[in-house]
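Worksheet: the structure to be examined is printed underneath.
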Amino acid sequence: MERIIFYCLAAVIIAFGIASVTSRKMLRSVIYLSFVLVSIAGIFFLIDYNFLAAIQLTVYAGGIVVLIIFSVLLVHHIEMELEMAKATKKIVTAIACLIGLGVFLTAIYSYDFNVINMALTTTTADIGTGLLSYEAGGFILPFEVISVLLLAAMIGAIVIAKGKKLTEKNNQPQ
Amino acid sequence: MIPGISIYEILTVTSILFFIGVYGFITRTNLISILISVELILNASVVNFVIINKYLFPEVLQGVYFSIFIIAVAAAETALAVSIIINLYRQISSVEVKDIETMKY
Amino acid sequence: MNLNHIILIPLIPLAVFLILGLFYNKIKPAVSGYVGVLGLLISTSLAFYSAYNYFFIIGKTDGVFQTIVEKTVWMNFTDSLHIDMGILVDPISVMMLIVVSVISLMVHIYSRGYMKGDPGYTKYFAFLSLFTFSMYGLVLATNLFQIYIFWELVGVSSYLLIGYYYTKESAVAAAKKAFIVTRFADLGFLIGILIIGYYTGTFDFETLNNPEGASILNWASTSFMGLSALTWALILIFIGGAGKSAMFPLHIWLPDAMEGPTPVSALIHAATMVVAGVYLVARLFPMYYFIEEGFALNIVAFVGAFTALFAAVIAITQTDIKRVLAFSTMSQLGYMMLALGVSGYEGHEGLGYMASMFHLFTHAMFKALLFLCAGSVIHAIHSNFLKDMGGLRKYMPITNITFLIAALAIAGVPPLAGFWSKDEILVAAFEHNKFLYIIGLFVAGLTAFYIFRIYFGIFWGKEGAYKNKPHESPWSMTTPLLILAFLSIVGGFIPFSEFISADQAGFETHMNYPLAAIAVFAGLIGIGLSWLFYKKENKMADKFANRLGVLFTWAFHKFYFDELYLFVTKKILFNIIARSAARFDKKYVDGTMVGIGNQTVNTSENIKGLQSGKVQDYAFAFIAGAVVIAIIFIYIWTN
Chain V
9 MERIIFYCLA
19 AVIIAFGIAS
29 VTSRKMLRSV
39 IYLSFVLVSI
49 AGIFFLIDYN
59 FLAAIQLTVY
69 AGGIVVLIIF
79 SVLLVHHIEM
89 ELEMAKATKK
99 IVTAIACLIG
109 LGVFLTAIYS
119 YDFNVINMAL
129 TTTTADIGTG
139 LLSYEAGGFI
149 LPFEVISVLL
159 LAAMIGAIVI
169 AKGKKLTEKN
179 NQPQ
Chain S
48 MIPGISIYEI
58 LTVTSILFFI
68 GVYGFITRTN
78 LISILISVEL
88 ILNASVVNFV
98 IINKYLFPEV
108 LQGVYFSIFI
118 IAVAAAETAL
128 AVSIIINLYR
138 QISSVEVKDI
148 ETMKY
Chain E
9 MNLNHIILIP
19 LIPLAVFLIL
29 GLFYNKIKPA
39 VSGYVGVLGL
49 LISTSLAFYS
59 AYNYFFIIGK
69 TDGVFQTIVE
79 KTVWMNFTDS
89 LHIDMGILVD
99 PISVMMLIVV
109 SVISLMVHIY
119 SRGYMKGDPG
129 YTKYFAFLSL
139 FTFSMYGLVL
149 ATNLFQIYIF
159 WELVGVSSYL
169 LIGYYYTKES
179 AVAAAKKAFI
189 VTRFADLGFL
199 IGILIIGYYT
209 GTFDFETLNN
219 PEGASILNWA
229 STSFMGLSAL
239 TWALILIFIG
249 GAGKSAMFPL
259 HIWLPDAMEG
269 PTPVSALIHA
279 ATMVVAGVYL
289 VARLFPMYYF
299 IEEGFALNIV
309 AFVGAFTALF
319 AAVIAITQTD
329 IKRVLAFSTM
339 SQLGYMMLAL
349 GVSGYEGHEG
359 LGYMASMFHL
369 FTHAMFKALL
379 FLCAGSVIHA
389 IHSNFLKDMG
399 GLRKYMPITN
409 ITFLIAALAI
419 AGVPPLAGFW
429 SKDEILVAAF
439 EHNKFLYIIG
449 LFVAGLTAFY
459 IFRIYFGIFW
469 GKEGAYKNKP
479 HESPWSMTTP
489 LLILAFLSIV
499 GGFIPFSEFI
509 SADQAGFETH
519 MNYPLAAIAV
529 FAGLIGIGLS
539 WLFYKKENKM
549 ADKFANRLGV
559 LFTWAFHKFY
569 FDELYLFVTK
579 KILFNIIARS
589 AARFDKKYVD
599 GTMVGIGNQT
609 VNTSENIKGL
619 QSGKVQDYAF
629 AFIAGAVVIA
639 IIFIYIWTN
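Chains as they are written, first to last, in my numbering: chain V, 9 to 182; chain S, 48 to 152; chain E, 9 to 647.
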């Protein structure tokens, strides 16, 4: 049963991924991306990592896609057709990517993974304690660093996107 | 682990997704499309981490934690990229890659 | 024996040259004249003192005058091959020291009067000192390379002095011609030096000239086209000497060199520089004599004899008195070469060598005197040409008497100096080769004829049209004339053979009365003929010239050798060889260099597309590179 679901999800991922990078319309590209992201969340559900799937859906499919849609709206005529790259470039890149893919797959298939068959459910509590634990193997430090990084990103985004008009408006009343 | 699916197939899927993202990154002419391709690449690597964690080391959770951080960083990076694109749009009124070739010879 | 003072002899003129050359803006002209003369006075006294020392105090050891050499290694190539610098003292170098010193001193004193008022006065004395230094160095050289270096220096000084009136185009052209012709001859000289160095392993005169030494015995080792390699080297060295001594066919520069000031002609082109060729052959005389039984020496003799005849014939026809004197010098140099060519080595056999050196000594005195007198006349009349002169004996008595003395000397009238030296040459020629003797005798007659032709033309005959009354030259100019006249009279009485001989042992000479009488008779015939033709104004000379027709025209135009050489160089060398070489150089050599540059530019134009400024291209390069590296390291390397 799970096999069929997995194959459907894999097909969706690949199909919509290709559609996303070859679409001529901007909005459709974004939507196809969201489909890919949701399918990946589906894979996470299959693996029984429910928390991670939830994060994927919330942050990626919910936050990032919305962010991209807003930027598209701000800079674009939605119905405008996108230019495509020249044919030579596409073919050369495709060939390079196929060769790279070949290298990857050869590397993967020639290695003996010692798979451990164990069906274990991970709860959110486990993830939470691991993330915030102080002992060895705990991830409290990266957690704090990530929070600083998000703060820096927020401030950076505000400063970059503020623009000149707003700066003048702020400086004028003085 | 997903019963009936070996690790090889999943790794194949993620590799394909990775190279789709690379293809899109090199081929697309719009800055936002490039951003979307970057997202695909990052997602493929996230899935890689998680799958290897689940199949090879089921009793520890490092892969999950790392995936959480990747997702957070990806989000921050997308936000910043969008703000840069908007600033650039204000300057040159275009988000085409061919208009920002100022570093050429 | 302390010979340190000999090194001062060349160094003093060098110091004078440097002082006058570096400070010529700040020195008043009169001071530079005094400085030059003073330097030469010191050098001359040192030269006389060295001669006295060498010939009388040190004297002969084991019956032979010793060769004293002081040298130091200058450039070291290998253990056996090195170039030295030093001084070599032997009879002929000491004699040459005296000749160069006396003539140079006389010319310096004379120039103070002759060049007075000339703007480049200091420069002139600087160049004179440079020349004197170079000539001293040449005379004292210990090896072939040192003599070559000073040879070139002498050529440079000659160029500077001939071209002294550098605003005159003919002077500039003459200086260039002199330098190029002698340089061309020096190519032969250099090749000869290199051949000698290669086969004998040394350049040193002492080693080369040793009659029992390995270098002379080595001649049989290799042969090339019928003659041994060393003979070829000696012939090539003689070519170098022939260029400097204006032997046929490299004589074309000497008449044109008369464009320089007359004292310069007296010093360089009569008495000192042009004898450098003769001195070189004399220096290498043992080699010339012993190698392949003197084959090269025969060539020297014939070239010398031919040049003597050729120059004398041309001298009869010339109308510019300096040109006549130039051809006369050429003829007398031919005599010196002839004498060397017919010489032997041991004792009395070496008569030719002694005669040649003796003639060099006496010729320097009376030829310099002739030139200085001519300068005196030119200074008074401001023209070089015979047709403007005549009847000057009333106005310039001292010049008249001294010119007469010099003319009698060169004609070989006893008891003046020229008789003794020329007689020895004719005796040596008679003993060796009768044909050369006949030529020598005929040239002696011609010499007397042309010298008295210009003597009568200048001082007797109808008076020329003089704008201002000509007056005798000042004391600074007539004093050297008197001194040189005195030397021309007494110079012949020096018992030269006691001091100078090929094997440095000295021998006694005896007078060969019959041959001497014949020579004097030939000279008197010459004088008599010119008395008839030229003493009083008449048409005999012109009628005789017309009778000779074409021969006269040819001789007057110096047998068209200048035109021939000009034709060869311009039409053949320049057009065919030089032009095609220039075209090859411009098209291919230049083209290659420019082409390399253009190729670089083109390549960079083509690959500058790599810096496109597009991030995607960079990313593509990145990915592709990573994939390639992955393939290489994972699959190829580990296998």
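Virtual Cβ for every residue (Gly too), placed ideally from N, Cα, C.
Inset, instruction - Report yes or no: is there a C-beta of chain E within less than 8 angstroms of the C-beta of V:Ala133? - result: no
Inset, instruction - Run down chain V in chain order and give the residues with a C-beta less than 7 angstroms from the C-beta of S:Ser130. - result: Ala165, Ile168 and Ala169
Inset, instruction - Just the C-alpha distance for E:Asp212 and E:Gly605, rounded to the nearest angstrom, thanks. - result: 50 angstroms
Inset, instruction - Evaluate the contact criterion for the segment 154-167 of chain V versus the segment 25-45 of chain V: three or more CB pairs, one atom per stretch, below 8 angstroms. - result: no
Inset, instruction - Note down, in chain order, each residue of its chain lying with its Cβ closer than 6 angstroms to the Cβ of E:Phe560, except the 5 sequence neighbours on either side. - result: Ala553
Inset, instruction - Consider the Cβ of V:Gly108: report whether some Cβ of chain S lies at a distance smaller than 8 angstroms. - result: yes
Inset, instruction - Could you please give the first and the last residue of the uninterrupted alpha helix (DSSP H) stretch that includes E:Asp92? - result: Not the alpha helix (DSSP H): E:Asp92 falls in the beta strand (DSSP E), residues His90 to Val97.
Legend entry - Beta carbon of E:Val435 nearer than 8 angstroms to that of E:Leu368: no
Inset, instruction - Return the CA-CA distance between E:Leu16 and E:Thr370, expressed in angstroms with no decimal places. - result: 26 angstroms
Legend entry - Amino acids of chain S, ordered along the chain, whose beta-carbon sits closer than 7 angstroms to that of E:Val628: A small fix is needed here, since residue 628 of chain E is Phe in this sequence, not Val. By Cβ distance, chain S contributes Ile73.
Legend entry - For E:Glu78, the first and last residue of its enclosing beta strand (DSSP E): Ile76 to Asn84
Inset, instruction - Take E:Asp511 as the anchor and find which of E:Arg291, E:Gly248 and E:Tyr42 has the nearest alpha-carbon. - result: E:Arg291
Inset, instruction - Check whether the Cβ atoms of E:Gln624 and S:Phe116 sit closer than 8 angstroms, and answer yes or no. - result: no
Inset, instruction - Verify whether the separation of the beta carbon atoms of E:Phe374 and E:Ala347 is less than 8 angstroms. - result: no
Inset, instruction - Assign E:Thr69 to one of three DSSP states: helix, strand, or coil. - result: strand
Inset, instruction - Starting from the C-beta of E:Val115, find all residues in its chain whose C-beta is less than 6 angstroms away, skip the five residues before and the five after it, and write them out in chain order. - result: Pro271, Ala274 and Leu275
Inset, instruction - Please list, in chain order, all residues of the same chain as E:Gly352 whose beta carbon is under 6 angstroms from its beta carbon, the five residues on each side excluded. - result: Gly358
Inset, instruction - With a threshold of 16 other CB atoms inside 10 Å of the CB of E:Val635, please say whether the residue is buried or exposed. - result: buried
Inset, instruction - Establish whether the CB of E:Lys185 and some CB of chain S are separated by less than 8 angstroms. - result: no
Legend entry - Beta-carbon gap between V:Leu157 and V:Phe147 smaller than 8 angstroms: no
Legend entry - Rounded straight-line distance, which links the Cα of E:Ile170 to that of E:Phe31: 22 angstroms
Legend entry - For E:Asn217 and E:Val308, the rounded distance between their alpha carbons: 18 angstroms
Legend entry - DSSP state of E:Asn408 mapped onto helix, strand, coil: helix
Legend entry - Residue burial classification, E:Ile247 (beta-carbon count within 10 angstroms, cutoff 16): buried
Inset, instruction - Indicate whether E:Ala284 and E:Lys252 have their beta-carbon atoms separated by less than 8 angstroms. - result: yes
Inset, instruction - Determine which residues share a DSSP beta bridge with E:Asn151 and list them. - result: E:Asp212
Legend entry - Residue from V:Gly25, V:Val83 and V:Ala69 with nearest C-alpha to S:Ala119: V:Ala69
Inset, instruction - Would you list, in sequence order, the uninterrupted alpha helix (DSSP H) runs of no fewer than 4 residues that lie entirely inside the segment 20-73 of chain V? - result: 34-55 and 58-63
Legend entry - Beta-carbon contacts of E:Ser51 that lie in its chain and below 7 angstroms, excluding the five residues immediately before and after: Ile17, Ile20, Pro21 and Ser109
Inset, instruction - Consult DSSP for E:Asn12 and reduce its assignment to one of helix, strand or coil. - result: helix
Inset, instruction - Pick out the complete alpha helix (DSSP H) segments inside the segment 533-609 of chain E, 4 residues or longer, and give them in chain order. - result: 548-556, 558-564, 569-575 and 587-592
Legend entry - Neighbour flag for V:Ala144 against chain S, beta carbons, 8 angstroms: no
Inset, instruction - Compare the C-beta of E:Ile584 with all C-beta atoms of chain S and state if any pair is closer than 8 angstroms. - result: no
Inset, instruction - Using 10 angstroms around the beta-carbon of E:Arg120, count the other beta-carbons present and answer buried if the total reaches 16, otherwise exposed. - result: buried
Inset, instruction - Measuring only between beta-carbons, confirm whether V:Ala104 sits less than 8 angstroms from chain E. - result: yes
Inset, instruction - For V:Lys33, go through chain S and note every residue whose CB falls closer than 7 angstroms to its CB, in chain order. - result: Neighbours of V:Lys33 on chain S: none; closest Cβ ~11 angstroms, over 7 angstroms.
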